[in-house]
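Peer 1: Heads up: the sequence shown at position 602 corresponds to 601 in numbering that gives the first Met the number 0, and the numbers run straight through without jumps. One structure, as structure tokens, below. Some questions next.
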Amino acid sequence: MKNTIILFIFTLLMAFTAVGQSVSEDGSRLWLRYEPLSQNIARQYAQKITSCTSSDPSETTKLAMNEFVVAFRQMTGKEIAIAKAAVDGSLVLTIKKNDKQLVSPDAYRMESVVEKGKNMTVITAKTTNGLLYGVFHLLRLMQTRQDITSLDVAESPLYERRILNHWDNINGTIERGYAGYSLWDWDDLPATLSPRYREYARANASIGINGTVLNNVNANPTFITGEYLQKVAAIAGVFRPYGIKVYLSVNFSSPALLGKLPTSDPLDPAVRKWWKDKAKEIYALIPDFGGFLVKANSEGQPGPHDFGRTHVDGANMLAEALEPFNGIVMWRAFVYNPSSPDRAKQAYEEFMPFDGKFHKNVIVQVKNGPVDFQPREPFSPLFGAMQKTPLMVEFQITQEYLGFSKQLAYLAPLFKECLDSDTYAKGKGSTVARATDGNLFPQTITAIAGVANTGKDANWCGHHFAQANWYSFGRLAWNHQLSSETIADEWLRMTFTNHPDFLAPVKKMMMDSREAVVNYMMPLGLHHLFAWGHHYGPEPWCDIPGARADWLPSYYHKASAYGIGFDRTTKGSDAVSQYFPPLNEIYNNVATCPENLILWFHHLPWDYRLKNGRTLWDELCYKYDEGVNQARGFQKIWDRMEKYVDKNRFVEVQYKLKEQTKDAIWWKDGCLLYFQTYSKRPIPYELERPVHDLEELKKIKLNMTNTN
Ligand code: GCV
């Protein structure tokens, strides 16, 4: 009877979806929609798998099987049983703790086997997490309509810790969050657990993310009070079966602020004891707590320098407190002070002297570029240079500098650009990925972090396509060798449709989108031309009396009657020398410097000739124009996709793309009209003319509250 009802519901669902995607969606199901497959494919899968079994009794394995059964039913319309033993047609989940071929705790194998005449699909792992990842892999194959008849897959993540950093505040706001309020309902915890915690954990597990820093790096010390630790423990309890550990950002002054000690000096015995006791308290409540993330002596946050101590003193003190419990410290290298002539050099200068001096459970967390998550930066020179200290890349998934959740910018190409960059630390091929995943240097810890873009919005990320950035961060954290195209392809298939007429153009739109943003915001290596505070629109003219110089765009673009760009060559700030040969020379020489970074490293005259023969001024105009045209092109692509997408998501994306084009024109006009006051040259006559007036644009002051 139950089966008949399910089949009836399934048939109804099929009927609905058949009439041109009429069921409107809010995006809340992310990439785990498990849409009904065509009858042909559904039949093939249903012939291959008819039951599911495991002798492992854990909660994680149970939920992996449940996920499979529900998803299978939705996709194929067939009910499969959870059987006591393996039979012909079983999906078998097996734990083999001592399997030598499984090279990491999260690794798994997925094979089609025939044993004693029984055809089975077997997923083998050392841990239940491995089984869960294997099941999600199999479901991904099915969602993307791949053949599952003769599987022979072996997977192991390239980073051990794959972590989301939430910049969520205690009052529910999110610093640089563009998808509504924080997912964590601190007032209701620990008694009430929002169902979204589980959905969040499930989505993360499906892409291999295994850690979450719950709170903002600008850390409120309250998070580690007894009261809040109970709340954190409640969230950890929901995440645990999905293989996700919780971590917390800590405020370095907590001993003074919470413990009422006279100091938070890391060498003070009472302070050290305070942290040790705190660690004990945390682990008593959360035995698998991951560790601390620390932003110290950066942008006003307290740190060891306040007491005349070093990053090593601070990080090692915390590391010692966490060590007995296998916790780690992620110590951020995002440091810069207002008086430096080149902010891009500071993290390297401050951290290199400490290479090899950190405790073994410390990892230094370094932003992908040397400044701050700009649309394009070269990779941070610390990668490859700090060889005796584990380093982890920090990406920003939330689009602080790439148009918030208002604009489509698929970030996998940005992540890949950094991970695939050659540091030359150990000769050619020493990519950032290999310099951080334990390949080039022995690392006691390997990890990667992404600043999350999730919030309470129904679609989680504010923009339906911003989900792809969460997804691709997870996929690359698991395997940085995947291509951006592959990731876009699988995400599109699962999130929208497998229809080839949808996939090809929309994938191209995604692949071009980050470069479009670079083009209309800050091409050719320009950076930090953003509006004060909120960082949404253009303000290359921004001048706030008394403001830190390194928070003003003119510090970075240095536009004058002569030209534009930051001279970081050996004749300028010499930032190029922080890179290994031959890269230092490549960047130093204007003839070899990649043109997409040319104004990052060089200050050039307006009439400088680029490789295509255009003057720098003309090329700048062409790039801004190209960016706007790309944005217009995205609208054209999307409008043709109406028949493949449900009404709601179609209209919401359509609206956002329209706004994106408007804002792209705002960026282009604002920057070109402003720089033109220096270049005194005409915008090439064949290009679109500005539609704005510079003085009007200068008056725009957006009232954005989500800066922090
Ligand atoms: C959490 C940038 C952002 C800040 C952020 C900081 C950081 O400066 O604008 O909002 O603070 O980076 O990464 O610590």
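Virtual Cβ for every residue (Gly too), placed ideally from N, Cα, C.
#1: At the 7 Å Cβ level, is Ala-476 part of the contact set with chain D, yes or no?
#2: Within the present structure, is the beta-carbon of Phe-333 separated from the nearest heavy atom of ligand 1 by less than 6 Å?
#3: For the candidate residues Gly-632, Asn-452, Thr-445 and Met-703, whose alpha-carbon lies nearest to that of Gly-536?
#4: Considering only the alpha carbon of each residue, which of Thr-49, Ser-50 and Met-64 lies closest to Pro-56?
#5: Quick one: complete alpha helix (DSSP H) runs, 4+ long, within the segment 367-431?
#6: If you follow the alpha helix (DSSP H) that Gly-210 is part of, which residue opens it and which one closes it?
#7: For Ala-318, collect the residues of the same chain with a Cβ closer than 6 Å to its Cβ; drop the 5 residues on either side in sequence, then sort them by chain order.
#8: Taking the C-alpha atoms as reference points, what is the distance between Lys-230 and Pro-189?
#9: Please classify Tyr-107: does DSSP put it in a helix, a strand, or coil?
#10: Taking 6 Å as the line, does the beta carbon of Asn-217 fall inside it for any heavy atom of ligand 1?
#11: Of the choices Arg-474, Asp-638, Gln-634 and Leu-31, whose alpha-carbon is the least far from that of Arg-160?
#12: Any idea if Leu-36 is buried or exposed, counting beta-carbon neighbours within 10 angstroms, 16 or more meaning buried?
#13: Suppose only complete runs of 4+ residues qualify. What are the alpha helix (DSSP H) ranges in the segment 540-567, listed by chain order?
#14: Could you check which residue in Asp-542, Phe-353, Pro-593 and Tyr-654 has the C-alpha nearest to that of Lys-698?
#15: Thinking C-beta only, is Thr-143 closer than 7 Å to Glu-484?
#16: I need the DSSP call for Arg-331, collapsed to helix, strand or coil.
#17: Near Asp-617, which residues of its chain fall below 6 Å by C-beta distance, leaving aside the five closest residues on each side in sequence?
#18: In terms of residue numbering, what span does the alpha helix (DSSP H) encompassing Ala-124 cover?
#19: On the criterion of 16 or more Cβ atoms from any shown chain inside 10 Å, does Pro-681 qualify as buried, or is it exposed?
#20: Determine the burial state of Pro-340: buried for a count of at least 16 other Cβ atoms within 10 Å of its Cβ, exposed for fewer.
#21: I need the boundaries of the alpha helix (DSSP H) containing Phe-71, first residue and last residue.
#22: If you draw a straight line from the alpha carbon of Met-109 to that of Glu-154, how long is it in whole angstroms?
#23: What residues in its chain sit with their C-beta under 7 Å from that of Glu-58, if we drop five residues either side in the sequence?
#24: Kindly indicate the opening and closing residues of the alpha helix (DSSP H) around Ala-320.
#25: Express the C-alpha separation of Leu-407 and Leu-656 in angstroms, rounding to a whole number.
#26: Given that a residue counts as buried once 16 or more other Cβ atoms are within 10 Å of its Cβ, and exposed if not, what is Pro-539?
#27: Rounding to the nearest angstrom, what Cα-Cα distance links Asp-606 and Leu-615 in this structure?
#28: From the DSSP output, in three-state form, read off Ala-80 for me.
#29: What residues are listed by DSSP as bridge partners for Asp-167?
#30: Please classify Asn-611 as buried or exposed, where buried requires at least 16 other C-beta atoms within 10 Å of its C-beta.
#31: Taking only heavy atoms of ligand 2 into account, decide whether any of them is closer than 6 Å to the Cβ of Asp-167.
#32: I want to know whether the segment 269-280 touches the segment 172-191 - three or more CB-CB distances under 8 Å.
#33: Here's the rule: buried if 16 or more other CB atoms are within 10 angstroms of the residue's CB, otherwise exposed. What is Thr-60?
#34: Do Glu-584 and ligand 1 come close, with the Cβ less than 6 Å from some heavy atom?
#35: Taking contact to mean 3 or more Cβ pairs, one atom from each stretch, closer than 8 Å, check whether the segment 519-531 and the segment 367-377 are in contact.
#36: In chain order, what residues of the same chain lie with their CB nearer than 8 Å to the CB of Met-640, ignoring the 5 residues before and after it?
Peer 2: Working from what's here:
#1: The chain inventory of the structure shown lacks chain D, comprising one protein chain alone.
#2: yes
#3: Met-703
#4: Met-64
#5: 411-418
#6: No alpha helix (DSSP H) contains Gly-210, which is instead part of the beta strand (DSSP E) from 210-212.
#7: Val-328, His-358, Asn-360 and Val-361
#8: 4 Å
#9: strand
#10: yes
#11: Arg-474
#12: buried
#13: 552-556
#14: Asp-542
#15: no
#16: strand
#17: Pro-683
#18: From DSSP, Ala-124 is part of no alpha helix (DSSP H) but of the beta strand (DSSP E) over 117-124.
#19: exposed
#20: exposed
#21: 58-75
#22: 9 Å
#23: Pro-240
#24: 310-321
#25: 7 Å
#26: buried
#27: 6 Å
#28: strand
#29: Ile-173
#30: exposed
#31: You won't find ligand 2 in this model; what it holds is ligand 1.
#32: no
#33: buried
#34: no
#35: yes
#36: Phe-501, Pro-504, Val-505 and Phe-649
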